[in-house]
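Numbers given in the numbering used here equal positions in the sequence shown, counted from 1, plus 37.
No residue lacks a Cβ here, since even glycine has one placed at the ideal position from N, Cα and C.
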Amino acid sequence: MVVFSLLGLFCALFALAWRTGRRPVELAPYLLCAIGLILYVLAFFGGMGLIDGVLLLAGVMGALWVARTVRREGAGVLVQELKRQLADPYLWGCVLLLAVMCLLLRGEQILEWDAYNFWGPDTKSLYFREGFAARYSNVAQGFGDYSPGLQLILWWFAHLFGGYQEQYLFFGYFIFSSLMLFSVGTVFWARYPRGRLVTWLLIPLCALCLPGVSSTALYRTICVEPVMAILFGMILCKIVLRPDRQVAFWKGELAVAAGYLALMKGIGLLWSVLAVLFFLLWWRGRREYRFAGLMLAVPVLLAQSWSIYCRVMERSGYLASGFFDRAAQRLSELANGTFLDSAVTRGYIRSYLQAFFLTPVHREGTLAIDLTPFAIVVLLVCAAALLWRFGAVPKGRGKLLAYILGVTFLIYFVVSVGQLTMFYDESQYFEPVNAVTLMSRYCEPANTGLLMLVAALASGMAPGAQLRGLPARRQWMAGALTALILLGCTSYDEAYRRFIHDELDASRLAHRARFETDYGAFLEALEAVPYRERGARVLLALTQAEMNPVVVNAASPVSFAYTYLNQGGQADYDTLSAALRDNHCGYLYLMECDQSLLELLPSGTRLGQLYRVEAAGGEIALTPWG
38 MVVFSLLGLF CALFALAWRT GRRPVELAPY LLCAIGLILY VLAFFGGMGL
88 IDGVLLLAGV MGALWVARTV RREGAGVLVQ ELKRQLADPY LWGCVLLLAV
138 MCLLLRGEQI LEWDAYNFWG PDTKSLYFRE GFAARYSNVA QGFGDYSPGL
188 QLILWWFAHL FGGYQEQYLF FGYFIFSSLM LFSVGTVFWA RYPRGRLVTW
238 LLIPLCALCL PGVSSTALYR TICVEPVMAI LFGMILCKIV LRPDRQVAFW
288 KGELAVAAGY LALMKGIGLL WSVLAVLFFL LWWRGRREYR FAGLMLAVPV
338 LLAQSWSIYC RVMERSGYLA SGFFDRAAQR LSELANGTFL DSAVTRGYIR
388 SYLQAFFLTP VHREGTLAID LTPFAIVVLL VCAAALLWRF GAVPKGRGKL
438 LAYILGVTFL IYFVVSVGQL TMFYDESQYF EPVNAVTLMS RYCEPANTGL
488 LMLVAALASG MAPGAQLRGL PARRQWMAGA LTALILLGCT SYDEAYRRFI
538 HDELDASRLA HRARFETDYG AFLEALEAVP YRERGARVLL ALTQAEMNPV
588 VVNAASPVSF AYTYLNQGGQ ADYDTLSAAL RDNHCGYLYL MECDQSLLEL
638 LPSGTRLGQL YRVEAAGGEI ALTPWG
């Protein structure tokens with residue numbers, strides 16, 4: 038069925054590219070966003086596997102449209118269109134780079150904290166459930182309210198490749214990110230018809246280099262911020278590159294992409310709102326308020342649907358739960374004039390200032406030019422000024438671009454200050470080298486998104502731009518300067534570590550193997566848990582054993598919480614009872630505990646056995662399971 042759905046996808050893509058006169062590479066990421074939105078709806082009903090039928094139906098509809106067009110205009114138009122789409126060197130340059138990346142990522146495993154703790158296990162849970170978890174059964178419950186946009190795309194690629202393997206998550210992660218970059222790169226391919234013996238590969242290569250200029254997060258691990266940043270940048274570029282025809286389809290692309298951006302993460306809604314604001318201001322002369330309202334309504338409704346679902350299913354995250362308390366504390370300190378009295382606060386501010394002005398975002402010395410966050414801001418402002426000076430920004434929009442830069446970097450500042458609340462207790466951010474990683478990652482939509490925007494404007498293809506009227510030499514200079522900046526400032530070392538060799542992988546693999554071995558009996562016992570049921574969460578009781586996110590990833594799709602029992606007797610019994618109640622656990626696994634606790638539990642209770650927890654009037658009643 039997967040093969041037929043893939044054929045259906047290609048048929049639909051071919052028909053859309055023909056109908057709109059676009060390149061398949063340009064349309065592909067928007068089609069993936071549409072697939073993600075369909076999966077989002079299906080996931081509520083545990084029917085994500087139905088996406089195959091949906092894509093097959095779309096392919097049939099596309100094939101029928103093609104057949105009708107051929108019957109009306111003759112077989113020659115089909116041959117001509119096949120030649121236009123498939124004989125495009127830019128398409129094959131993109132395919133070649135994607136194939137090389139997937140080849141280099143063969144056998145890739147999750148080895149980083151964030152991917153262990155949430156992105157990996159949540160995608161794995163989606164894969165085996167084909168939908169969202171029942172109440173009190175979601176994995177990584179500390180991140181229960183995180184939006185599912187990225188995971189839905191990763192699920193689809195794992196489904197497409199026919200099984201859950203971690204390498205498929207990396208395939209999907211980089212293919213989706215790359216297709217969005219390649220889509221923006223088509224403007225340069227159309228802009229410079231000469232020199233295509235080189236640019237068929239150079240342009241997509243430069244596009245891949247763009248995210249590495251302002252951050253290394255794309256290469257370090259699977260996380261949502263780089264993908265969200267690229268999607269935001271793609272929307273900004275789509276807004277300024279308004280086509281002369283098929284405007285309704287262009288608006289549809291914007292609405293779909295803005296909606297999916299809101300599903301990427303909670304803050305994705307903010308970036309969607311900024312994209313709508315940019316649309317209103319950039320095209321203010323056209324007064325398209327009705328469509329702007331639609332473009333805003335789609336992400337708001339999608340974000341609210343997820344928020345309502347999380348409240349109904351009682352899914353919450355520790356960051357969201359603690360954010361308001363920390364924010365209230367900081368505001369109280371500001372009101373009382375004691376904000377700077379804390380050595381912790383002063384240390385954070387000092388660290389952030391050093392990170393912003395002095396610390397390169399690439400962290401270590403690289404083969405490229407290492408830019409600080411401040412240098413990236415200067416680069417973008419200077420680029421905007423030069424683009425306005427040479428006419429790449431349409432007449433009357435110079436001040437507007439400056440305004441958008443100002444608003445977005447105000448958000449950059451707010452996001453940075455926000456770390457004083459969410460990550461106030463994490464002392465590693467006293468070090469500027471760690472603070473700059475945090476800063477560049479969470480402000481990446483501003484950095485990478487605006488960098489994509491100014492790069493697209495540098496092509497001179499925005500409607501109303503005058504760069505096309507300049508001599509060819511200057512036109513090439515604009516493209517060459519853009520390529521030089523991207524190739525000169527990207528993070529080659531981090532890309533090398535991800536795709537070729539990371540000297541730390543051996544120790545990380547050993548670390549992973551150690552925890553999977555230490556918790557092997559527990560993981561084996563979890564195979565008996567009916568994880569699709571409500572309340573199918575296991576409580577793991579420990580005394581000394583170290584817990585690690587490796588276990589969370591290995592245990593998925595089964596959800597588990599853990600508690601430490603170190604007091605013995607009735608105190609441990611009360612702690613265990615409270616942990617079962619507070620974490621809504623329907624199962625118990627005693628990996629470690631004091632003998633005095635076993636004496637208080639039902640007769641025959643032993644270590645290393647999975648138990649189902651039964652209601653027994655306030656007492657802990659256990660039934661052996663599995």
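Residue environment, residue i, which counts as buried when at least 16 other CB atoms sit within 10 Å
i	result
Thr-714	Since the first residue of the chain shown is 38 and the last is 663, residue 714 is not available in this structure.
Pro-594	buried
Val-414	buried
Gly-679	Beyond the ends of the chain as shown, which are 38 and 663, falls residue 679; an answer cannot be given.
Ala-429	buried
Gly-32	Here the chain has residues from 38 to 663 only, and residue 32 is not among them.
Ile-537	exposed
Tyr-684	A query on residue 684 cannot be resolved here, the shown segment of the chain reaching from 38 to 663 and no further.
Lys-120	exposed
Asp-151	buried
Ala-547	exposed
Start and end residues, alpha helix (DSSP H) containing residue i
i	result
Tyr-533	529-536
Leu-339	326-349
Trp-55	39-57
Asp-407	No alpha helix (DSSP H) contains Asp-407, which DSSP labels as neither H nor E.
Tyr-297	284-299
Met-265	261-277
Ser-309	305-319
Cys-131	126-141
Leu-234	233-246
Thr-554	542-555
Lys-161	157-166
Asp-281	Segment: none, Asp-281 is in no alpha helix (DSSP H) and carries neither H nor E.
In DSSP terms, what residue i is bridged to
i	result
Arg-574	Ser-596
Tyr-440	Looking at the DSSP assignment, Tyr-440 forms no beta bridge with any residue, so it has no partner.
Cys-66	Cys is not the amino acid found at residue 66; the sequence shown has Pro there. Pro-66 pairs with nothing; no bridge assigned.
Glu-481	Paired residue(s): none; Glu-481 is not in a bridge.
Ser-650	It should be noted that the sequence gives Val, not Ser, for residue 650. According to DSSP, Val-650 bridges with Leu-659.
Leu-579	Tyr-601
Inter-residue Cα distance where the pair is residue i and residue j
i	j	result
Val-473	Ile-72	35 Å
Leu-617	Gly-623	8 Å
Met-628	Glu-203	28 Å
Arg-569	Tyr-173	10 Å
Gly-384	Ser-464	9 Å
Leu-123	Trp-226	15 Å
Pro-230	Gln-366	58 Å
Ile-657	Phe-41	51 Å
Ser-344	Asp-182	8 Å
Cys-139	Phe-208	6 Å
Leu-268	Leu-298	7 Å
Leu-64	Leu-76	19 Å
Val-444	His-399	25 Å
Phe-47	Phe-194	15 Å
Leu-206	Ile-259	8 Å
Val-114	Ile-522	41 Å
Asp-18	Gly-605	Lying before the first or after the last residue shown, residue 18 is absent from the chain, which here runs from 38 to 663.
Ile-147	Leu-101	43 Å
Phe-316	Ile-276	6 Å
Gly-455	Ala-340	21 Å
Ala-106	Leu-94	Rather than Ala, the amino acid found at residue 106 in this sequence is Thr. The alpha-carbon atoms of Thr-106 and Leu-94 are separated by roughly 18 Å.
Gln-25	Val-264	In the structure as shown, the chain begins at 38 and stops at 663. Residue 25 is therefore absent and cannot be evaluated.
Residue i: first and last residue of the uninterrupted beta strand (DSSP E) it sits in
i	result
Tyr-624	624-627
Thr-660	656-661
Closest by C-alpha distance to residue i, when choosing among the options
i	options	result
Trp-287	Trp-237, Tyr-173, Glu-149 and Tyr-67	Tyr-67
Ser-596	Leu-306, Leu-191 and Phe-169	Phe-169
Ser-496	Ala-100, Glu-481, Val-224 and Gly-144	Val-224
Tyr-556	Tyr-601, Arg-387, Val-588 and Phe-208	Val-588
Arg-551	Asn-585, Tyr-127, Leu-318 and Gly-113	Asn-585
Ser-214	Gly-200, Tyr-256 and Val-575	Tyr-256
Glu-651	Asn-484, Gln-503 and Ala-573	Ala-573
Ala-177	Leu-395, Gln-607, Leu-197 and Asp-159	Asp-159
Met-301	Pro-126, Arg-327, Tyr-201 and Leu-187	Leu-187
Arg-143	Phe-211, Ser-184 and Phe-411	Phe-211
Trp-237	Leu-306, Leu-644, Pro-126 and Leu-191	Pro-126
Leu-197	Leu-87, Ala-285, Arg-279 and Gly-99	Leu-87
Met-332	Val-293, Ile-304 and Leu-307	Val-293
Check: residue i C-beta below 7 Å from any heavy atom of the ligand PLP
i	result
Leu-307	As far as ligands go, the structure on display features none, and thus does not contain the ligand PLP.
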